[in-house]
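A.B. asks:
Residue numbers (the working numbering): 7 to 156.
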């Protein structure tokens, strides 16, 4: 089970003994998407201005080693992907809603597969931009992150 909370102006996402700390001020944009064929059908993608930090949360040797490796190799990563199930995604979104000034309200995750985001005549099924610090459109965020070439 995933645990999610806010502490010291950060969101803490704890999964399998590793806690990911993302500072709210470092969140540039957040996308959510779905893939029915995946084991974890919902993906929340954080695009950051500064890297996240990783901590071990259960003091096992494996989690200590994993958090060390993640901090070592992800210290320049400005993209965090959280692949999860619907109930855990709701926990993350609820915490974000309490702590970020969101442009888009996400109230119904049950219909995520039916979401269609249209941005500058580009139709994207099953994805939605749920936060943009600079009020960018989905298309502009994807271009900025080199995920869309026009």
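Heads up, the beta-carbon is just placed ideally off N, CA and C, and yes, glycines get one too.
(1) Using 7 Å as the threshold, is the C-beta distance between residue 23 and residue 63 below it?
(2) Hey, residue 46 and residue 33 are a contact pair by Cβ (cut 8 Å); roughly how many whole angstroms apart?
(3) Pull up the CB-CB distance for residue 50 and residue 98, whole angstroms please, since I reckon it's below 8 Å.
(4) Whole angstroms are fine: how far does the CA of residue 103 sit from the CA of residue 130?
(5) Does residue 138 come out as helix, strand or coil in the three-state DSSP assignment?
(6) Look at residue 26 and residue 19 and say whether their C-beta atoms are less than 7 Å apart.
(7) Would residue 68 be called buried (16 or more neighbouring beta carbons within 10 Å of its own) or exposed?
C.D. replies: So, from the data block:
(1) yes
(2) With 8 Å as the limit, residue 46 and residue 33 do not qualify as a contact, their Cβ atoms being about 21 Å apart.
(3) Their Cβ separation, rounded to whole angstroms, is 6 Å, which keeps residue 50 and residue 98 in contact under 8 Å.
(4) 23 Å
(5) strand
(6) yes
(7) exposed
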